[in-house]
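Residue numbers (full-length UniProt numbering): 1 to 451. Glycine is no exception: its CB is placed at the ideal position from the N, C-alpha and C atoms. As the structure is a prediction and not an experimental result, all values here were calculated from the model. Beneath this line is the structure, given in structure tokens, with notes to follow.
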Amino acid sequence: MDSDPVGNNILMQLVLLLCLTAVNAFFAAAEMAIVSVNKNKINMMADDNNKKAKMLQRLLKEPTKFLSTIQVAITLSSFFASASAATGISKPLGALFLKLHIPYASQISLIVVTIILSYFTLVFGELVPKRVALQKSEGISLAIVKPVHVFSKIASPFVKFLSISTSIVLKLLGMHNEDLEERVSEEEIRSLIETGQENGVFNEYEKSMIESIFEFDDKLAREIMTSRTNVYAIDINEPVADYIDELLETRHSRIPVYDDEIDNIIGILYVKDFIVEARKVGFEKVNIKSILHKPYFVPESKNIDELFKELQESKQYIAVLIDEYGGFAGIVTVEDLVEEVMGSIDDTGDEEEPYIEKLDSKSFLLNGLVTIADLNDELDLDIVSENHDTISGLLIDMIGIIPDEGDNRVVNIDNLTFKIEEIKDKRIERIQLTIEDKKKTESEDDEESED
């Protein structure tokens with residue numbers, strides 16, 4: 001009895017497809033296992049002279065090269081699987097459909113084979129091996145590291161050629177490999193954090209802290225500084241007796257000192273140095289200039305990640321920020337930088353008043369530094385200002401001048417009435433806000449227009 005050549009051919013093609021799917025599964029599992037393996041554990045095993053762990057260490061040091069090798073293997077196996085299915089299976093299947101008088105037999109057979117092949121490749125060549133590798137990353141990564149290492153040596157010329165080609169294309173597009181790799185890895189980590197929180201690995205606070213670390217690298221010093229209007233500073237030319245009470249009562253341990261005008265910062269006074277010196281010569285006889293520390297000047301546009309490193313290296317606690325015109329913009333302390341990651345650190349000396357205090361159903365007492373955005377969110381308002389961040393800045397712009405102390409002007413914006421309650425150091429400290437009923441305000445406007 002003669003064997004069926006068509007049947008034998010299909011059987012061989014199926015065996016080939018099975019082998020190619022197994023290759024795909026092997027490299028998919030390798031990728032997931034090595035990427036998700038506990039690196040600290042591998043480092044400890046390498047320190048104990050585990051050869052496979054050392055080999056794995058080398059792979060992890062060059063993730064781009066390793067991932068490119070894996071991608072080449074997966075792409076080639078998928079390509080050959082598709083080509084094999086298209087030539088060896090879809091043609092006999094098309095002939096069968098033709099015998100059954102099915103229209104567009106060859107096209108339909110190709111679509112059917114592609115769908116079936118895609119299903120099996122995705123399930124058995126990608127999803128299942130990756131899921132298994134994720135659960136047993138350490139064992140699998142150590143088991144497959146040798147064959148992956150050998151294949152990476154074989155595929156090295158091709159991978160290098162692809163890397164050079166990719167770099168050329170990226171340069172033509174005005175992009176850089178380093179920027180792209182950093183962005184991709186950050187997005188992947190953020191995704192893992194999100195998944196970790198959903199699965200209970202991270203709580204909300206831990207997730208928020210990790211996200212703050214990423215944001216830390218993108219913020220500028222001026223975004224977190226204490227602005228010049230809110231900085232407590234002293235004039236070197238004033239007698240110590242004029243400010244000694246304020247100096248001893250302040251919760252700050254380091255005070256900027258200026259000469260005549262605030263833009264001319266000449267040093268930083270450490271309160272502890274002042275007290276030590278005062279014990280020797282008396283409070284009112286302290287020579288402030290002799291105990292000043294050199295100020296650490298930085299541009300307000302400096303990245304806070306760089307600023308933090310600089311402050312650590314120079315053993316400084318406070319940075320004096322300078323704007324583009326050379327003027328004093330504000331200060332940033334190490335505590336400010338730490339709070340960007342850890343969240344607010346409540347100091348026992350901090351007695352911060354609420355920015356928005358409810359007086360009754362229609363009246364509120366506002367801190368002049370409350371932002372327009374926060375006020376809108378908190379009280380469901382719709383105040384619009386393109387040029388000002390704080391409510392005090394908006395009111396000063398509408399008044400046209402900086403009010404003097406005791407000036408209790410009233411500013412109306414639609415159905416909102418702002419009354420200045422307190423002014424200090426040429427800055428609006430407190431404002432009383434009264435929210436009138438919108439219908440009432442509209443009816444009053446109509447009466448005025450009729451008159």
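Nearest to residue 43 by alpha-carbon distance, out of 35, 33, 56 and 31, is 56. In the three-state DSSP reduction, residue 227 falls in the strand class (E or B). For residue 376, the enclosing alpha helix (DSSP H) stretches over residues 372-379. Under the rule that a run must span 3 or more residues, the beta strand (DSSP E) segments found entirely inside the region 277-365 read 297-299, 318-322, 328-333 and 356-358. Classified as exposed, residue 301 has fewer than 16 neighbouring CB atoms from the shown chains inside 10 Å of its CB. In this chain, residue 270 is not harboured by any alpha helix (DSSP H); it is covered by the beta strand (DSSP E) spanning 261-270. For residue 147, the number of other beta carbons within 10 angstroms of its own is below 16, and it is reported as exposed.
Nearest Cα to residue 357 within the set 416, 412 and 433: 433. Per DSSP, residue 136 lies in no beta strand (DSSP E) and is assigned neither H nor E. Taken through DSSP and simplified to helix, strand or coil, residue 430 comes out as strand. Residue 412 is bridged by DSSP to 417.
If you draw a straight line from the Cα of residue 46 to the Cα of residue 142, it comes to about 11 Å. With 16 or more other Cβ atoms from the protein chains shown falling within 10 Å of its own Cβ, residue 24 counts as buried. From the listed residues 82, 254, 240 and 306, the smallest Cα separation to residue 287 is found for 240. Its chain contains 55 as the residues whose beta carbon lies nearer than 6 Å to that of residue 149, once the 5 sequence neighbours on both sides are disregarded; these appear in chain order.
Excluding residues up to 5 positions away in sequence, 59 lie with their Cβ nearer than 6 Å to the Cβ of residue 66 in the same chain. Separation of residue 103 and residue 109 (C-alpha to C-alpha, rounded to the nearest whole angstrom) is 11 Å. Here the C-alpha atom of residue 296 lies approximately 10 Å from the C-alpha atom of residue 332. Here the alpha carbons of residue 220 and residue 117 stand approximately 52 Å from one another. DSSP links residue 220 through a beta bridge to 303. Proximity to residue 30 across 421, 419, 306 and 71 peaks at 71, based on C-alpha coordinates. Between residue 414 and the set 437, 429, 396 and 422, the nearest pair of CA atoms involves 437. Setting aside the 5 residues that flank it on each side, residue 28 is surrounded in the same chain by 126, 129 and 130, each with a C-beta closer than 6 Å to its C-beta; the list follows chain order. Here DSSP, grouped into helix, strand and coil, assigns residue 423 to strand.
With a cutoff of 9 Å on beta-carbon distance, residue 292 and residue 257 are scored as near each other. For residue 254, DSSP records a beta bridge to 270. The beta carbons of residue 408 and residue 420 sit about 5 Å from each other, so the pair counts as a contact at 8 Å.
Taking each of 341, 233, 289 and 374 in turn and checking the Cα distance to residue 205, the smallest one comes out for 341.
In this structure, the straight-line span from the alpha carbon of residue 276 to that of residue 247 is close to 14 Å.
Under the three-state reduction of DSSP output, residue 235 falls in the strand class. Annotated as distal: residue 159 and residue 167, with beta-carbon spacing of 9 Å or more.
Collapsing the DSSP output to three states places residue 40 in a helix. In this structure, DSSP gives residue 70 a helical state, which the three-state scheme calls helix. Per DSSP, residue 249 is one residue of the alpha helix (DSSP H) stretching across 240-249.
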